[in-house]
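Worksheet: one structure, shown below.
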Amino acid sequence: MPSPRRTLVVLATGGTIAGRAANAHDNVGYRAAALGVDELLHALPGGPGLTLETEDLARLDSKDMDHATWLCLVQRLAHHLARAQVQGAVVTHGTDTLEETAWLLHRVLAPRKPVVLTAAMRPASSLQADGPQNLADALAVAAAVEARGVLVVLAGQVFGAGDARKRHSWRLDAFTAGDAGAIAAIEQGALRRFREWPSAEPIGLDGLPADSSAWPWVEIVTSHAGARGAGVDALVHAGVRGLVVAGTGNATVHVDLAQALQRAQAAGVVVRLVTRCAAGPVLAGRDHRWPVYAALSAPQARVELMLELMQES
Ligand code: SIN
129 MPSPRRTLVV
139 LATGGTIAGR
149 AANAHDNVGY
159 RAAALGVDEL
169 LHALPGGPGL
179 TLETEDLARL
189 DSKDMDHATW
199 LCLVQRLAHH
209 LARAQVQGAV
219 VTHGTDTLEE
229 TAWLLHRVLA
239 PRKPVVLTAA
249 MRPASSLQAD
259 GPQNLADALA
269 VAAAVEARGV
279 LVVLAGQVFG
289 AGDARKRHSW
299 RLDAFTAGDA
309 GAIAAIEQGA
319 LRRFREWPSA
329 EPIGLDGLPA
339 DSSAWPWVEI
349 VTSHAGARGA
359 GVDALVHAGV
369 RGLVVAGTGN
379 ATVHVDLAQA
389 LQRAQAAGVV
399 VRLVTRCAAG
409 PVLAGRDHRW
419 PVYAALSAPQ
429 ARVELMLELM
439 QES
């Protein structure tokens, strides 16, 4: 029996994939988020054979991603994924904060249908534009009936939301999944899968305050040589609710910073640790003074702590 899920939804948020420069040689001095979603799709020679529905949710350079746009994205995805005819969704996004958005969507929605984030390292106007191929690959993954969960597709690879990291500032294969490796590759539009799709218990839309300005304030601080506690004291004074500390090595913290963090904790601020290392988890067995998010990047951990604080209030 043919699948009744004949629709793919494509939600655009901006990024380099929708960027345009004055000339085709300029891969740096372009304006991100210049094109709408229909213009991106017109650049493709064909589609995945399903009905496409499109929405321009935002036109952001993703360095400026904000909680209001996140809330809108989560709400639109929840709406569309609940429709019986929808097979999956593609979200076009900037690469710079893509791993944070992916983690938020994974934790809140953990969908049984595929939600595929894609992006580009070159603007649409470039001689080397990678957006059309990435978008075509993302559509192919979203159209695959076996696919599920929040996925990231770039440069022919499919990553799980929690594993994806931007590791390079300009290469086309800027993303990695570190030790975890890719979930699948896309070869000539076909999926070759290496391991299971991501799954989790979703927090659900009801777990998010409907007013994004009420989302708890969480900041990232980094431990480093010569670290001082005054910055943490200032954040506490300003009303921060949570601090993610990107620690050295196995999430260790400079003694002066650690003292300030203890003062912060005594004032009611919630502290969590991650490693500032680009790859590798934080290993248990060491007497960490604060709970650790072992396998999250610092920006993902900021999302995680925000969600944790939302569940408490
Ligand atoms: C952005 O993140 O919006 C700009 C950079 C990119 O997409 O690569």
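Our numbering numbers the first residue of the sequence shown as 129 and each following residue consecutively.
Every residue gets a Cβ at the ideal spot worked out from N, C-alpha and C, and that includes glycine.
Nothing here was measured: the structure is a model prediction, and the numbers come from that model.
Would residue i and residue j be called neighbours here (beta carbons separated by less than 7 Å)?
i              : j             : result
arginine 320   : threonine 304 : no
alanine 460    : valine 218    : Since the displayed the chain opens at 129 and closes at 441, residue 460 lies outside it and no answer follows.
leucine 139    : leucine 185   : yes
valine 214     : valine 137    : yes
alanine 161    : glycine 142   : yes
arginine 444   : leucine 435   : Only positions 129 to 441 of the chain appear in the structure, and residue 444 is not among them; the question remains open.
isoleucine 398 : alanine 429   : Before going further, note that residue 398 is valine rather than isoleucine in the sequence given. In this structure, alanine 429 does not lie closer than 7 Å to valine 398 by Cβ.
serine 351     : leucine 385   : yes
alanine 308    : aspartate 334 : no
alanine 289    : alanine 210   : no
glycine 370    : valine 349    : no
valine 273     : leucine 279   : no
Would DSSP call residue i helix, strand or coil?
i             : result
glycine 288   : strand
glutamine 215 : strand
lysine 294    : strand
glutamate 440 : helix
aspartate 194 : coil
glycine 354   : coil
glycine 142   : strand
alanine 422   : coil
arginine 404  : coil
leucine 199   : helix
In its own chain, which residues sit with a C-beta less than 6 Å from the C-beta of residue i, not counting the 5 before and 5 after it?
i             : result
glycine 259   : Ile145, Ala248 and Ala252
proline 409   : Ala422 and Ala423
alanine 395   : Val364
aspartate 301 : Ala283
glycine 317   : Ala268
tyrosine 256  : In the sequence under discussion, the amino acid at residue 256 is glutamine, which differs from the tyrosine named in the question. Around glutamine 256: Arg250.
lysine 191    : Asp224
arginine 356  : Asp384
serine 340    : His195, Ala196 and Leu199
What are the start and end residues of the beta strand (DSSP E) that includes residue i?
i             : result
glutamate 347 : 346 to 350
proline 242   : 242 to 246
alanine 318   : 318 to 321
glycine 259   : Per DSSP, glycine 259 belongs to no beta strand (DSSP E); it is in the alpha helix (DSSP H), 259 to 271.
valine 165    : Counting along the chain, valine 165 falls outside any beta strand (DSSP E), though it belongs to the alpha helix (DSSP H) covering 165 to 170.
glycine 408   : No beta strand (DSSP E) holds glycine 408; DSSP gives it neither H nor E.
threonine 277 : In the sequence under discussion, the amino acid at residue 277 is glycine, which differs from the threonine named in the question. Glycine 277 -> beta strand (DSSP E) spans 277 to 282.
From the DSSP output, which residues share a beta bridge with residue i?
i              : result
threonine 179  : Thr135
arginine 148   : Arg159
glutamate 329  : The partner list for glutamate 329 (beta bridge, DSSP) is empty, contrary to what the question assumes.
glycine 413    : In DSSP, glycine 413 forms no bridge with anything.
leucine 371    : Glu347 and Val399
aspartate 301  : None, per the DSSP bridge assignment.
isoleucine 314 : Leu319
threonine 220  : Ala140 and Thr246
leucine 188    : Gly142
Can you give me the start and stop residues for the alpha helix (DSSP H) that residue i sits inside?
i             : result
threonine 229 : 226 to 237
valine 383    : 383 to 394
glycine 359   : 358 to 366
For residue i, collect the residues of the same chain with a Cβ closer than 7 Å to its Cβ; drop the 5 residues on either side in sequence, then sort them by chain order.
i            : result
alanine 266  : Val218, Val244, Thr246 and Val281
proline 337  : Trp343 and Met438
arginine 323 : Ile311
alanine 275  : Gly216, Pro242, Val269 and Trp325
Near residue i, what residues of its chain come up, given a Cβ to Cβ distance below 8 Å and the 5 sequence neighbours on each side ignored?
i              : result
glutamate 315  : Gly284
asparagine 262 : Ile145, Thr246, Ala247, Ala248, Val281, Leu282 and Ala283
valine 360     : Val349, Leu371, Leu385, Ala388, Leu389, Arg391 and Ala392
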